[in-house]
Amino acid sequence: MPAIEVENVSRIYRKYLEQHRFKTFKSAILKGDLFKSLKSDEKVVALNNINFKVAKGTTFGVIGENGSGKSTLLKVVAGISKPTTGSVSVHGKVSALIELGAGFHPEITGRENIYINGVMLGLSKEEIDKKFDDIVKFAELEDFIDAPVKTYSSGMYMRLGFSIAINVNPDVLLVDEVLSVGDASFVPRCLERIEEFRRRKKTILFVSHDLTTVEKICDRVAWLKNGEMKALGYPKRVIDQYIQDVKSKKETDFEQKQKEEDVLGDLEPERRENRWGNREIEIKKVRLMDLQGKEKHVYSPSDGMVIEMDFYAENHKKDFVFGVGIFNSQGVCCYATNTVLEGYKSRSVIGRGKVTCQIKTLNLTNGTYYLDVAAHRQDGLPYDYHRNLYSFMISSDYMDSGVYRPQHSWNFSPDVKMTKKS
Amino acid sequence: MKRLLNKFKELYKYRVLIRTLVVRELKARYRGTVLGFVWSFINPLLLLTVYTMVFGFILRPRDPSFNDSPWVYALFLFCGILPWQVWFAASSQESANILIAQGNLIKKMLFPTEILPIVSVTSNFVHFLFGLPILLAFVPLMGKPYTPYLLFLPIVILVQYIFTLGFCFLISSLTVHFRDIKDILTNLLTFWFFSTPIIYPMTFPAVQQHSVLKTFLNLNPMTHIMWGYQNCIFYGEMIRWKRLGVTFLLSLILFFVGYYIFDRLRDSFPEEV
């Protein structure tokens, strides 16, 4: 028998407008249709037909962006919020770590709060008596347990909340992004406890943004997007799909932004200032593509990039140079070059033409980069100079810093013990 | 109906939580004050002093049962003010706010929400119980005898408990959707207070001779509850069984209606508070 069964669950929230509320109040009094008029027309679908089962003794992860319905799902499973349609069944005692210390009363002591919170989570007084010392010890609050909770720091508050919830010893533990506030020494201990839970064959539903932890501790992972389940399966696969999606979303956002800029382009004086020259050779269009020729704006450091310029020369020209420059968001020139510097000597050009500069691997660190492209005379007189008019983005999982990411690898002598996370 | 009964059964399982929360409420209320629990006694005493000064000494109501003494009148006042102000009015005002104030609990923890108004009514009931010995101590001080009718006091208290609970279920659940109720309630309670024979007895000629006023007062369920207290403690008479019986039934109806509405609106609380 699965520990958690979620069948066709949808959760629809009603959006209330202030004006609507006033109408409701009036109509409720005048017509007496209290229940009916509480229903508003505008709906927000937080969960859309979600189905999954969590087998007993397994850890189930839920990932997704903010607002994708993760927390709503957890609340529905916990029974705090009811599904609009569908059914949820949970077998065994549930403890939900949705917000740590939610039931604390600031005026009374930590000791009293442990008892009250414990009772709220379903423990009897005797059970709390038995676990009291463990709770205090795990929270490291031995010296402060008789002080009012309002004097606690937020870290102490959280530790106490976690410690109580984890000591409830439930069959099913629901964890919602609560570990993000802990410090470097507390979080590993929490994870250790969760790990111990797993060893004791308890069921865990784990909601987190921390993909590394999710991949490490979960047996199965579901990915939610806009209230719909996009994928369900083995952690690595689902997380990869999720990361892929986030990347492509970044890409669309970026393109969107570029499009908007293009529309504004001719109107903005600032942008006109970024382009100068006599246009005897005019750069009509610049495209950024990957090595396969697909237009792209978000790259990973190991990707290659092709910069393509379409130009038009009205008259015959003998003296011309094409150049490109890459700048980071601080305005530092990461790389700049032109055809003369690389040994090309101009002969002649007229009419339409195309110049491409192919970069095999970008080898840049994460960030947004701006591109200069130019056509000018050898003595520097510009035909058409585009300053920072084009941009692209480097996005990767690496957290390294600097402007340049040389291809590199690490080697260790045998006595250095290291493991690499996958 | 069956659904409601099942809910009550479930509620019984949560009695430890109710008790713990009531204790927390009592502990937290006077935490940090110098006098602590003594406030539970001082508050009704101060209230009584003000009313005795104004109504007893300045307005001096004449009624044969007061023996023309402001002190005896003070005892009469106390019989009504204690259960009204300390228990009923305090619970109602607290309940109007409780679901919103404890929104964090409703959203983040799993427990039957009706516990919150129950805790509010019960903790104020405990305050009322603290005041009760003072009230009883005043009886001989004001030259009135204890009578066996005091034994009927628990019945009156029970009726008020059920009535207050029903009223608080109603108020607390509706306030979540219509915050206006909080302000309406403040005024309603003042009006209701003066429409209940607390500072004046039902036997006042002005009341008895005015039939509309008399009917109006008789239709107010709190009239009979307050009268019950006055009968048991002040007059030393038998409580009016019929009137109190009808009030009891009314309280039960209010209780079920209040609970029904609370139950119907329950699922909307987590997203509305």
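Protein chains in written order, with the numbering used here: chain A, 1 to 422; chain B, 423 to 695.
Beta carbons: idealized from backbone N, C-alpha and C, even for Gly.
- Counting along the chain, residue 367 of chain A sits inside the beta strand (DSSP E) bounded by residues 367-376.
- Chain B has a Cβ within less than 9 Å of the Cβ of residue 148 of chain A.
- Proximity of residue 456 of chain B to chain A, defined by a Cβ-Cβ separation below 9 Å, is not satisfied.
- Counting the other Cβ atoms within 10 Å of the Cβ of residue 278 of chain A gives fewer than 16, which makes it exposed.
- When rounded, the separation of the alpha-carbon atoms in residue 376 of chain A and residue 329 of chain A is 25 Å.
- For residue 112 of chain A, the enclosing alpha helix (DSSP H) stretches over residues 110-120.
- A straight-line Cα-Cα distance of about 13 Å links residue 678 of chain B and residue 593 of chain B.
- By the criterion of a C-beta distance shorter than 7 Å, residue 340 of chain A is surrounded in its chain by 321 and 378, once the five residues flanking it on both sides are discounted.
- Fewer than three Cβ pairs drawn from the segment 111-128 of chain A and the segment 70-88 of chain A lie within less than 8 Å of each other, which leaves the two stretches out of contact.
- Our two residues, residue 45 of chain A and residue 392 of chain A, have alpha carbons roughly 34 Å apart in a direct line.
- Residue contact check for residue 531 of chain B against chain A: a CB pair falls below 9 Å.
- Residue 364 of chain A has a beta carbon lying at 9 Å or more from every beta carbon in chain B.
- Residue pairing by DSSP puts residue 393 of chain A in a beta bridge opposite A/298 and A/368.
- Straight across, the Cα-Cα distance linking residue 442 of chain B with residue 115 of chain A is about 8 Å.
- Per DSSP, the unbroken alpha helix (DSSP H) holding residue 134 of chain A starts and ends at 125-139.
- With its beta carbon at least 9 Å from every one in chain A, residue 659 of chain B lies outside the interface.
- Counting along the chain, residue 346 of chain A sits inside no beta strand (DSSP E), nor does DSSP assign it H or E at all.
- The DSSP-derived three-state label of residue 177 of chain A is coil.
- Cα atoms of residue 291 of chain A and residue 73 of chain A: separation of roughly 42 Å, rounded to the nearest angstrom.
- Boundaries of the alpha helix (DSSP H) around residue 199 of chain A: 186-199.
- Using a Cβ-Cβ cut-off of 9 Å, residue 126 of chain A is close to nothing in chain B; its nearest Cβ partner there is about 11 Å away.
- Annotation: residue 3 of chain A is outside any alpha helix (DSSP H) and is labelled neither H nor E by DSSP.
- For residue 204 of chain A, the enclosing beta strand (DSSP E) starts and ends at 203-207.
- Taking one beta carbon from each stretch, the segment 55-70 of chain A and the segment 218-226 of chain A have 3 or more pairs nearer than 8 Å; the two touch.
- Per DSSP, the beta-bridge partners of residue 14 of chain A are A/43.
- Inter-segment contact for the segment 359-366 of chain A and the segment 396-408 of chain A is present: three or more beta-carbon pairs are separated by less than 8 Å.
- Inclusion of residue 400 of chain A and residue 326 of chain A in the CB contact set at 9 Å is not warranted, their separation being larger than that value.
- In the displayed model, residue 535 of chain B falls within coil according to three-state DSSP, outside both helix and strand.
- Residue state for residue 308 of chain A is assigned as strand, using DSSP reduced to three classes.
- In this structure, the alpha-carbon of residue 275 of chain A lies about 6 Å from that of residue 387 of chain A.
- Annotation for residue 447 of chain B: the continuous alpha helix (DSSP H) segment containing it runs 437-451.
- The closest CA to that of residue 545 of chain B, considering only B/488, B/514, B/447 and B/428, is found on B/447.
- Neighbourhood of residue 82 of chain A in chain B, by CB distance below 7 Å: 689, in chain order.
- The alpha-carbon separation between residue 516 of chain B and residue 299 of chain A amounts to approximately 59 Å.
- For residue 535 of chain B, no chain A residue has a Cβ inside 9 Å of its Cβ, as the nearest lies near 10 Å away.
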